[in-house]
Amino acid sequence: MDELVTPHRKWMKAALREAERAFEADEVPVGAVVVRGNVIVGRGHNMVERLDDPTAHAELIAITAACTTLGSKKLDGCTLYVTLEPCPMCAGATVLARVDRIVFGAFDEKAGAASTLYNIPQDARLNHRAEIISGVESDRCAELLQEFFRSKRGPDLRGSQ
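Each residue of the sequence shown is one higher than the last, beginning at 514 in the working numbering.
Here's what the structure looks like:
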């Protein structure tokens, strides 16, 4: 697995920087970057609260930015790096945008649609399929999310940590 993970760490760290920006803005800390030809062509982080928009997920913002940068609605030759497994909405967007590969960090047990609950990007019934690589920098991705939600819950009054 390390052979697969190592080349993707650089880009996942860029996605993590986006997630940290979301954390600083009091958004659920998910970040994403779209890479083509060894260059970031789109980046984004969750902006659901700031924009008061349930569709303002990191992946959609990064995909929109990449489409603008490339002047195309199709992201052929692109890889999406995202710190959390895409939800059904975001996984569907990767299919529509024709992203070649999705690399994600933490698995999403409640809404994951790129392997955990569903596997939309590889569903043979759809007109496009993407390669999926999971678990890249997963510990750091999960840790950032856990830290965020711990801060929202406040101190544990039972004394356990």
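All C-beta atoms, glycine included, are put in the ideal place defined by N, C-alpha and C.
Give me, in chain order, the residues of the same chain whose beta-carbon lies closer than 7 Å to that of Thr629; leave out the 5 immediate sequence neighbours on both sides. Glu598, Phe620, Asp621 and Glu622
By Cβ distance below 8 Å, which residues in the same chain neighbour Asn640 in space, the five residues on each side in sequence not counted? Val608
Between Gln635 and the rest of its own chain, which residues show a CB-CB distance below 6 Å, the 5 nearest in sequence each way excluded? Arg642
Straight-line Cα distance separating Ser647 from Lys665: 27 Å
Can you list, in chain order, the residues of its chain with a C-beta nearer than 7 Å to that of Ala626? Leave out the 5 residues immediately preceding and following it. Pro599, Cys600, Pro601, Ala604 and Ile633
Following the continuous alpha helix (DSSP H) through Cys580, name the residue where it begins and the one where it ends. Ala571 to Leu583
If you draw a straight line from the C-alpha of Arg682 to the C-alpha of Glu644, how long is it? Given that the chain is displayed from residue 514 to residue 674, the structure contains no residue 682 and the question cannot be resolved.
Grab me the residues of Tyr631's own chain with a C-beta within less than 8 Å of its C-beta, minus the 5 sequence neighbours each way, in chain order. Pro601, Ala604 and Gly625
Might you give, ordered along the chain, the residues of its own chain that have their beta carbon closer than 8 Å to the beta carbon of Met525, omitting 5 neighbours on each side? Tyr594, Thr596, Val616, Gly618, Val649, Glu650 and Cys654
Apply the 10 Å Cβ neighbour rule to Val552 and answer buried if 16 or more other Cβ atoms are within range, or exposed otherwise. exposed
What does the alpha-carbon distance come out to for the pair Leu583 and Gln659? 35 Å
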